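Note sheet for the following structure.
Number of protein chains: 4
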Amino acid sequence: MTVTADVTETLRTLRAQVSALHAELTRYELVVWTAGNVSARVPGHDLMVIKPSGVSYDDLTPENMVLCDLDGEVKEGDLAPSSDTAAQAYVYRHLPHVGGVVHTHSTYATAWASRAEPIPCVLTMMADEFGGEIPVGPFALIGDDSIGRGIVETLRGSRSPAVLMQNHGVFTIGKDARAAVKAAVMCEDVARTVHVARQLGEPVPIPEQQVTSLFDRYQNVYGQ
Amino acid sequence: MTVTADVTETLRTLRAQVSALHAELTRYELVVWTAGNVSARVPGHDLMVIKPSGVSYDDLTPENMVLCDLDGEVKEGDLAPSSDTAAQAYVYRHLPHVGGVVHTHSTYATAWASRAEPIPCVLTMMADEFGGEIPVGPFALIGDDSIGRGIVETLRGSRSPAVLMQNHGVFTIGKDARAAVKAAVMCEDVARTVHVARQLGEPVPIPEQQVTSLFDRYQNVYGQ
Amino acid sequence: MTVTADVTETLRTLRAQVSALHAELTRYELVVWTAGNVSARVPGHDLMVIKPSGVSYDDLTPENMVLCDLDGEVKEGDLAPSSDTAAQAYVYRHLPHVGGVVHTHSTYATAWASRAEPIPCVLTMMADEFGGEIPVGPFALIGDDSIGRGIVETLRGSRSPAVLMQNHGVFTIGKDARAAVKAAVMCEDVARTVHVARQLGEPVPIPEQQVTSLFDRYQNVYGQ
Amino acid sequence: MTVTADVTETLRTLRAQVSALHAELTRYELVVWTAGNVSARVPGHDLMVIKPSGVSYDDLTPENMVLCDLDGEVKEGDLAPSSDTAAQAYVYRHLPHVGGVVHTHSTYATAWASRAEPIPCVLTMMADEFGGEIPVGPFALIGDDSIGRGIVETLRGSRSPAVLMQNHGVFTIGKDARAAVKAAVMCEDVARTVHVARQLGEPVPIPEQQVTSLFDRYQNVYGQ
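Chains as they are written, first to last, in my numbering: chain A, 5 to 228; chain B, 5 to 228; chain C, 5 to 228; chain D, 5 to 228.
See the structure below:
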């Protein structure tokens, strides 16, 4: 592929960002060995930057990130892309507002996923970030569009940027890769807290109207 | 605002302390991403120093801490202050002995909070630091004085420097910011230990008289 | 022993690899103090490289790794080899495709082992790496071939590279030491996730045919 | 006190060891803030070296360790010694084979302690290090010899180097400070593993004869 001049600088930045963001997955212990990845859409192009498959987090560099088109075909890079590339490409093709996707098998979220049980919204922090429960997507085998379709169909019916894929793990989305990583970090945090809460009884529900009120404020007011 | 000369050095010290104390929140894994904060009263002035909103812990510096008055209005700083500023300002206005406030969503304490269940005092370390159970405050939405009022009313009826706000998280107070951070660290530690204890049975209660005896000794004798 | 010239370079490499791989055991908190070890077969020779007994992970170097024959007799090294040497030598003698062995008492896997309960395959990541449940081997005392024989007999009837030895801990195998370490890391990860899942209900089973499909793809397609 | 010349070098070494060993308590997360300590007997003298009270682990140095006699009186040092000094001095006075004592409130061990429930010996690693169950000592208030007496009376009837003091935490002993730290690390590790095992069923018991066999081998053969 010949990359036009105007995208060269964008690509350099995205490669550095995607590579560096994997350090948040290890910092928060969302991944072991090589089992999780971050990708970013190249804005204005049918392209994405993603982790190479089976490479240790310690060995990631901007240069070994893989550039693919949105059919998952490699456009730049010597390494095979993540085995989740097809699923993430599907998400970018069908959800145009999504600029970043993250996949992990983080412990507590994956435990809920293995029971096919959504995480109920019983924390103000969950209302803020997820706007309600974190939903469960279908069981789907790798190898065709089943996982991507499951992610997209589940997230379209939800305010949540995270979906628990049954028996599998978590996919999160965001306006950019950093936002998707944040959603992955928050997803595991609330999955763990609600799990711990449920071990000794039932959390108090938060009325739907107050969930919405918290979600609206957080999405519009929080941060700089 | 024109800060008078005599407060300049105090402010420099407090900015450095408040910034640095956030490292204890990450060290003990009481917070993820940007979801927790420390503040300190400026002694002798109706002012407080607090974390900026939505800024990563790695990026905190003495310079980007925000100086607010006790109505939560920014007096110095280019960044918006923590979204918990109003609640913490309320605490400083109504509890004059408080010099520091900390807010976290630490996992085990927040799990108790989501069940609206106080943590029973079944550890000598809890008697030492908290003087009894750690109480639960009301469910309260962000945006007015509800959270601050809930904190103050709950803590006024307790020896505990920590309150579990229902469905939300923990607020702790102390004579200074370091003492409030210590209370936040100890609160999560005892929340976890008592949770674990309860998973396999009932902890042995400690008689009230001995709780008081431990509390009095620890507050007066422990340390240098 | 006189080591022939052609094996000198191989040994240097293996000593460095085996020493360094112990850092993965501590990174993922699979071991405490000195309670776990890695070994590697010397390809083409009846020799193995293994951790010295009772030495802290901080103090491991390529030079203090111990070279033993496959009866567990020391061939090079001033220190006594791991007390698990006999068990691991037995594995190398009876499973010629094995190039690396790891032993840990990692928390969650050992908890399953103490109940003599195999870990059911309810995660796609488990199907990928283990091809089904992680089986339990017999209770066996240290001091003769009981442990080695228990490992070999259990793994011969399974696709899993990990075995939970009853009341004891985990042994994993791989084509080389790095693969065995990966299996140990993944074993603890799935042991923890399935434990957490089971605490609040029953995970959804994955049909056997789909377990096999996932296993075949992962063993043949994943990575570079 | 005038310290005789021959003990000067011993003291220098012990101060460095005791100070450094606290890093193992934080490494294995057995302690938070300042809530745990290590001491060592000065061999051949009625003296002990112990952590100062309420000082952060980051701030410990060989120089600020406190030298006390075995009545707990300070002999060298500008800081007050640990509030556990009296209990540890009692142990040194009554158990002449003990060269090191450690105290922590590590989470899982303290959870068993709060239920006054001994940890059953269902792991080979427990048989190795503890020779049977880890026993529970009485509830005792700080301030007189109650804690020390409870530790000594409980450990005299046991092969275990660790005792769970009811509602309080763990005390461990060893031939030197390093051995006592090892026992504290192992105690928390087995407390956690047996807790996790018990959450989903009953661990398989290990027959008493085999516990003894494992204990005898480990105490006499393991390590260098």
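Think of the CB as a built atom: it goes at the ideal place given N, C-alpha and C, for glycine as much as any other residue. Small disclaimer: the values here were computed from a predicted structure and weren't measured.
Next item on the list: Would you grab the beta carbon distance between S57(D) and Y226(B) for me? Rounded to a whole angstrom, and I think it's under 8 Å.
Entry: 6 Å
Next item on the list: Give every residue of the same chain whose Cβ lies closer than 7 Å to the Cβ of T65(D), excluding the five residues on either side of it in the sequence, and list them in chain order.
Entry: S23
Notebook entry, point to check: Using a Cβ-Cβ distance under 8 Å, would T14(C) count as near chain D?
Noted result: No, no contact with chain D.
Checklist line | Neighbour list for K79(B) in chain D, Cβ cutoff strictly below 7 Å | finding: The premise fails here: K79(B) is roughly 32 Å from chain D at the closest Cβ pair, so nothing lies under 7 Å.
Margin query: Could you compute how far the alpha carbon of A181(D) sits from the alpha carbon of R16(C)?
Written below: 36 Å
Margin query: Just checking: is the beta-carbon of V208(A) within a distance shorter than 8 Å of some beta-carbon in chain B?
Written below: yes
Margin query: Does Q21(D) pass the burial test, meaning 16 or more other C-beta atoms within 10 Å, or should it be called exposed?
Written below: With 16 or more Cβ atoms within 10 Å of its Cβ, Q21(D) is classed as buried.
Item checked: Residues near Y222(B) in its chain [Cβ-Cβ closer than 6 Å; skip 5 each side] -> D132
Item checked: Close-in-space but distant-in-sequence residues of the same chain around P195(A) (CB under 7 Å, 5 per side omitted) -> Reading off the sequence, residue 195(A) comes out as Ala, not Pro. Hits under 7 Å: Y112, A113, W116, I123.
Notebook entry, point to check: Does any CB atom of chain C fall closer than 8 Å to the CB of Y32(A)?
Noted result: no
Check: Over what stretch of residues does the beta strand (DSSP E) that includes T176(B) continue unbroken?
Finding: 173-178
Next item on the list: Taking D73(A) as the reference, give the member of V156(A), T89(A), H101(A) with the closest Cα.
Entry: T89(A)
Note to self: 8 Å is my cut-off, CB to CB: does S57(A) come that close to chain C?
What the structure shows: Interface flag for S57(A) against chain C is set, since a Cβ pair is found closer than 8 Å.
Next item on the list: Compute the Euclidean distance between the alpha carbons of I151(B) and A184(A), then round it to the nearest angstrom.
Entry: 30 Å
Notebook entry, point to check: Whose C-alpha, out of E67(A), S87(A), V70(A), R19(A), is nearest the C-alpha of A39(A)?
Noted result: S87(A)
Check: What residues in the region 194-207 of chain D bring their beta carbon closer than 8 Å to a beta carbon of chain B?
Finding: H199, R202, Q203
Next item on the list: Starting from the Cα of R160(A), find the closest Cα among I210(A), L99(A), A187(A) and give me that residue.
Entry: L99(A)
Next item on the list: Let me know if P207(C) comes out buried or exposed under the rule of 16 or more other beta-carbons within 10 Å of its beta-carbon.
Entry: Counting C-beta atoms within 10 angstroms of its own C-beta, P207(C) has 16 or more neighbours from the protein chains shown and is therefore classed as buried.
Note to self: Tell me which residues of the region 120-137 of chain C have at least one Cβ-Cβ distance to chain A shorter than 8 Å, keeping chain order.
What the structure shows: V126, L127, T128, M129
Next item on the list: State yes or no: is the beta carbon of V140(C) nearer than 8 Å to at least one beta carbon in chain D?
Entry: No, no contact with chain D.
Notebook entry, point to check: If A166(A) and C191(A) are in contact, beta carbons under 8 Å, what's the gap, nearest whole angstrom?
Noted result: 4 Å
Item checked: Interfacial residues, the region 83-106 of chain A to chain B, with Cβ spacing under 7 Å -> none
Item checked: Reference D82(D), options E67(D), T12(D), D75(D), Y94(D), closest by Cα -> E67(D)
Next item on the list: Consider the Cβ of K179(C): report whether some Cβ of chain A lies at a distance smaller than 8 Å.
Entry: no
Margin query: Rounded to the nearest angstrom, what separates Q92(C) and M129(C) at their Cα positions?
Written below: 26 Å
Item checked: 9 Å Cβ cut-off: residues of chain C touching L218(D) -> Those are L145, I146, listed as they occur along chain C.
Notebook entry, point to check: Between the C-alpha atoms of R163(B) and L204(D), what's the straight-line distance to the nearest angstrom?
Noted result: 37 Å
Check: So is N171(D) in contact with chain B if we call contact Cβ pairs under 8 Å?
Finding: yes
Check: How many whole angstroms separate the CB atoms of M52(A) and V46(A), which I take to be in contact at a CB cut-off of 8 Å?
Finding: 7 Å
Note to self: Can you tell me which residues form a DSSP beta bridge with L168(A)?
What the structure shows: V140(A), V174(A)
Margin query: Only counting the same chain, and skipping five residues up and downstream in sequence, which positions put a Cβ closer than 6 Å to that of P211(B)?
Written below: none
Check: At what residues does the beta strand (DSSP E) containing R45(C) begin and finish?
Finding: 40-46
Notebook entry, point to check: Looking at the unbroken beta strand (DSSP E) that takes in D73(D), where does it start and where does it end?
Noted result: The continuous beta strand (DSSP E) containing D73(D) extends over residues 70-73.
Next item on the list: Starting from A39(B), find everything on chain A with Cβ-Cβ shorter than 7 Å and list it in chain order.
Entry: M129
Item checked: Buried versus exposed, by CB contacts within 10 Å (16 or more), H101(B) -> So H101(B) ends up on the exposed side.
Notebook entry, point to check: Got a sec? Which residues, its chain only, sit under 7 Å from V11(A) by beta carbon, not counting five neighbours each side?
Noted result: V46, H49.
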